[in-house]
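Residue numbering for the sequence shown follows UniProt numbering, starting at 1 and increasing by one per position.
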Amino acid sequence: MARQTNLLDDVEIRHWVAKGEPVAKSDGEGLTFTLSRAGTATWILRYRRGGGRRKELTLGNYPDMTLAAARKAARAHRVSIDNGIDPAAEKQAEKARSVAAWTVAQLCDNYEEKILVPPLSHSTTYYRKWDIANILKPKIGTMEVRNVMPADIVHMVESSGRSWTVCKRILTSAKQIFAHACGKRMIDANPCVGIDIKAIKGQRPPVKKRVMLAEQELRALLPNIDETIGRENALALRILLATCVRTNELVKARKQHIDLDRGTWWIEADSVKTRAGFQVPLVPSVALWMRELLALSGDSEWLLPARGGMRRNRLGDTHIGNTTLWAAITRAYNRGGIEGRKFTPHDTRSTAKSHMRNMGIPNEITEIALNHKLKGMEAIYDVREEIPERRRALEVWAAFITSCAEGGEWNVVPFKAA
Numbered sequence: 001m002a003r004q005t006n007l008l009d010d011v012e013i014r015h016w017v018a019k020g021e022p023v024a025k026s027d028g029e030g031l032t033f034t035l036s037r038a039g040t041a042t043w044i045l046r047y048r049r050g051g052g053r054r055k056e057l058t059l060g061n062y063p064d065m066t067l068a069a070a071r072k073a074a075r076a077h078r079v080s081i082d083n084g085i086d087p088a089a090e091k092q093a094e095k096a097r098s099v100a101a102w103t104v105a106q107l108c109d110n111y112e113e114k115i116l117v118p119p120l121s122h123s124t125t126y127y128r129k130w131d132i133a134n135i136l137k138p139k140i141g142t143m144e145v146r147n148v149m150p151a152d153i154v155h156m157v158e159s160s161g162r163s164w165t166v167c168k169r170i171l172t173s174a175k176q177i178f179a180h181a182c183g184k185r186m187i188d189a190n191p192c193v194g195i196d197i198k199a200i201k202g203q204r205p206p207v208k209k210r211v212m213l214a215e216q217e218l219r220a221l222l223p224n225i226d227e228t229i230g231r232e233n234a235l236a237l238r239i240l241l242a243t244c245v246r247t248n249e250l251v252k253a254r255k256q257h258i259d260l261d262r263g264t265w266w267i268e269a270d271s272v273k274t275r276a277g278f279q280v281p282l283v284p285s286v287a288l289w290m291r292e293l294l295a296l297s298g299d300s301e302w303l304l305p306a307r308g309g310m311r312r313n314r315l316g317d318t319h320i321g322n323t324t325l326w327a328a329i330t331r332a333y334n335r336g337g338i339e340g341r342k343f344t345p346h347d348t349r350s351t352a353k354s355h356m357r358n359m360g361i362p363n364e365i366t367e368i369a370l371n372h373k374l375k376g377m378e379a380i381y382d383v384r385e386e387i388p389e390r391r392r393a394l395e396v397w398a399a400f401i402t403s404c405a406e407g408g409e410w411n412v413v414p415f416k417a418a
């Protein structure tokens with residue numbers, strides 16, 4: 001008995017689609033029309049090869065693929081099946097071949113989607129995306145991943161025109177991205193392996209020595225800092241000095257995490273280099289500076305909201321940029337508003353560390369004050385958020401800063417070892 005074919009017609013298909021109920025109707029010889037609960041209408045060819053298990057091949061979606069087009073495609077695939085070809089296996093192989101033929105730009109997009117997501121730190125995500133957008137895609141983005149050779153990576157780094165440190169980071173980003181390609185089995189070997197940044201850029205330049213602003217320098221700088229860099233920038237600089245936080249941590253401070261009544265400020269993990277949130281004690285003088293910044297910030301959720309119209313128009317309610325304070329200090333130096341040695345916002349941490357050590361504050365407390373990652377058993381078992389020794393150390397340090405700013409005498413007795 002001949003098998004029935006062409007069992008469906010367009011009128012009843014449109015009726016099923018309009019009704020919206022899930023269906024699976026055969027047109028004969030394995031061609032099936034399906035409608036899912038979500039309303040997706042699909043043509044599927046069901047078949048067996050050599051008495052094996054039944055397989056399915058998706059032909060296309062209705063109405064993009066009409067009934068007549070589905071029948072034509074099904075006939076062509078049945079001919080292939082009769083000739084010993086498995087269309088489902090061919091489709092999988094073609095999909096694998098298409099992935100293997102990805103360009104570097106496609107690989108980068110997939111890496112961003114799969115890897116550059118929380119809990120990866122904000123700073124790592126930012127710099128990986130910067131390297132992708134500014135170096136990898138422009139330089140080798142159109143190349144197929146499987147065709148990239150070590151020489152291409154070397155040329156990319158050499159021609160970037162960046163500093164030794166940035167080139168090292170670019171090479172690291174490239175290694176991570178091509179490791180992702182290895183993980184997807186697109187390539188068998190990472191073209192970045194074995195490349196040495198020193199062979200490309202030479203020996204690393206000497207690391208810039210951190211500045212410790214001496215007491216005389218602080219007494220010359222702080223009394224007139226408001227007129228020199230502006231009140232908001234001056235308050236931010238005082239807070240950086242007094243709390244020992246990193247610029248990024250202050251820039252991204254949200255009001256909801258500042259509790260002036262308790263004298264605490266919680267810094268979120270995605271703002272922290274060590275990727276672990278921590279609590280900063282706010283001593284009375286710092287709380288006063290914070291209170292003034294809160295008043296100046298208006299309705300923004302940020303302690304230091306963006307000031308430039310272009311930044312606000314582009315990003316909405318956001319914080320100032322990481323380089324805002326640095327730029328203000330640099331401008332002041334350039335116009336002669338600040339005299340003496342040049343320093344950066346990050347030098348506030350080396351200044352704080354050095355002075356606190358001179359005051360007799362134990363090294364482990366200064367390390368905690370700077371939120372450096374503790375080592376050994378101390379890091380495992382000391383999980384306090386509120387650390388009294390840290391608060392006491394910052395009280396002494398803030399008093400020193402205040403005396404420098406107000407021209408007072410410094411007569412606090414140094415810490416004594418217990």
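C-beta: ideal position from N, C-alpha, C; glycine also.
Fair warning: this is a prediction, and the values are worked out from it, not measured in the lab.
(request) Work out the CA separation of A179 and M1 for me, nearest whole Å. (result) Legend: pLDDT at M1 = 40, less than 50; position of this residue unreliable, value from coordinates given subsequently. Using only the alpha carbons, I get a separation of about 58 Å.
(request) From the DSSP output, in three-state form, read off M1 for me. (result) Residue placement at M1 cannot be trusted, given a pLDDT of 40 that sits under 50; what the coordinates show is reported in the next sentence. Per DSSP, reduced to three states, the secondary structure at M1 is coil, with no helix or strand assignment.
(message) Here's a check: name, in chain order, each residue in its chain whose Cβ is nearer than 6 Å to the Cβ of E215, leaving out the five neighbours to either side.
(response) none
(request) Taking only the alpha-carbon atoms, compute the straight-line gap between Q203 and G298 and give it to the nearest angstrom. (result) 49 Å
(request) Ignore the nearest five residues each way along the sequence and tell me which others in S80's own chain have a CB closer than 7 Å to its CB. (result) These residues qualify, in order along the chain: P87.
(message) Can you tell me whether R307 is buried or exposed? The criterion is at least 16 other CB atoms within 10 Å of its CB, across all chains shown.
(response) exposed
(request) Counting only runs of 3+ residues fully inside the segment 241-306, write out the beta strand (DSSP E) ranges in chain order. (result) 264-267, 278-281
(request) Buried or exposed for E249, please, with buried defined as at least 16 other CB atoms from any protein chain shown within 10 angstroms of its CB. (result) buried
(request) Note the first and the last residue of the continuous alpha helix (DSSP H) segment covering K373. (result) Segment: none, K373 is in no alpha helix (DSSP H) and carries neither H nor E.
(request) Could you round the C-beta distance between W102 and M186 to whole angstroms and report it? I think they count as a contact, below 8 Å. (result) 6 Å
(message) Please tell me whether C108 and L67 are closer than 8 Å, where the distance is taken between their beta carbons.
(response) no
(message) Just to confirm, is the Cβ distance from I239 to V286 under 8 Å?
(response) The answer is yes: Cβ separation under 8 Å.
(request) Could you check what DSSP says for L57 in three-state terms: helix, strand or coil? (result) strand
(message) Could you pull the DSSP bridge partners for S350 from this structure?
(response) Partner(s): none; S350 has no beta bridge.
(message) At the level of alpha carbons, what is the spacing between V17 and N61?
(response) 12 Å
(message) Please list the terminal residues of the continuous beta strand (DSSP E) segment that includes residue 439.
(response) Residue numbering for the chain in the displayed model covers 1 to 418; residue 439 lies beyond these limits and cannot be assessed.
(request) Using three-state DSSP, classify A417 as helix, strand or coil. (result) For A417, the pLDDT reaches just 47, beneath the cut-off of 50, and the residue's location in the model is therefore unreliable, leaving the point undetermined.
(request) Would you decide whether G52 is buried or exposed? Buried here means 16 or more other CB atoms lie within 10 Å of its CB. (result) exposed
(message) Using only the alpha-carbon positions, how far apart do T165 and I197 sit?
(response) 9 Å
(request) With distances taken Cα to Cα, identify the nearest neighbour of I401 among E367, H319, A234. (result) A234
(request) Pull up the DSSP beta-bridge partners for E144, would you. (result) T103.
(message) Between the alpha carbons of L213 and L237, how many angstroms are there, rounded?
(response) 13 Å
(message) I believe L288 touches C404 by the beta-carbon criterion, under 8 Å. Please report the beta-carbon distance rounded to the nearest angstrom.
(response) Between C404 and L288 the Cβ distance is about 16 Å, and since that is not below 8 Å, they are no contact.
(message) Short of 7 Å in beta carbon distance, which residues of its chain neighbour R162, apart from the five on each side in sequence? Order them along the chain.
(response) I170
(message) Taking only three categories from DSSP, how would you classify T66?
(response) coil
(request) Grab me the residues of H77's own chain with a C-beta within less than 6 Å of its C-beta, minus the 5 sequence neighbours each way, in chain order. (result) L45, P87
(request) Label E232 either buried or exposed according to how many other C-beta atoms from any shown protein chain fall within 10 Å of its C-beta, with 16 as the threshold for buried. (result) buried
(request) Could you tell me if S173 is buried or exposed, where buried requires 16 or more neighbouring beta carbons within 10 angstroms of its beta carbon? (result) buried
(message) Between which two residues does the alpha helix (DSSP H) holding R391 run?
(response) 388-406
(request) Let me know the secondary structure DSSP gives S160 once reduced to three states. (result) coil
(message) If you reduce the DSSP assignment to three classes, tell me which class S26 lands in.
(response) strand
(message) Quick check for students: name the residue ranges of the alpha helix (DSSP H) that lie wholly in the segment 177-206, counting only runs of 4 or more.
(response) 197-201
(message) Within 10 Å of its beta-carbon, does T324 have 16 or more other beta-carbons around it, so buried, or fewer, so exposed?
(response) Per the 10 Å Cβ criterion, buried.
(message) Going by beta-carbon coordinates alone, are S160 and C167 separated by less than 8 Å?
(response) Taking C-beta atoms as the reference points, S160 and C167 count as a pair closer than 8 Å.
(request) Starting from the C-beta of V23, find all residues in its chain whose C-beta is less than 6 Å away, skip the five residues before and the five after it, and write them out in chain order. (result) W16, L35
(message) Please return the same chain residues whose Cβ sits closer than 6 Å to the Cβ of residue 436, not counting the five positions on each side in sequence.
(response) Since the first residue shown for the chain is 1 and the last is 418, residue 436 is missing from the structure and cannot be characterised.
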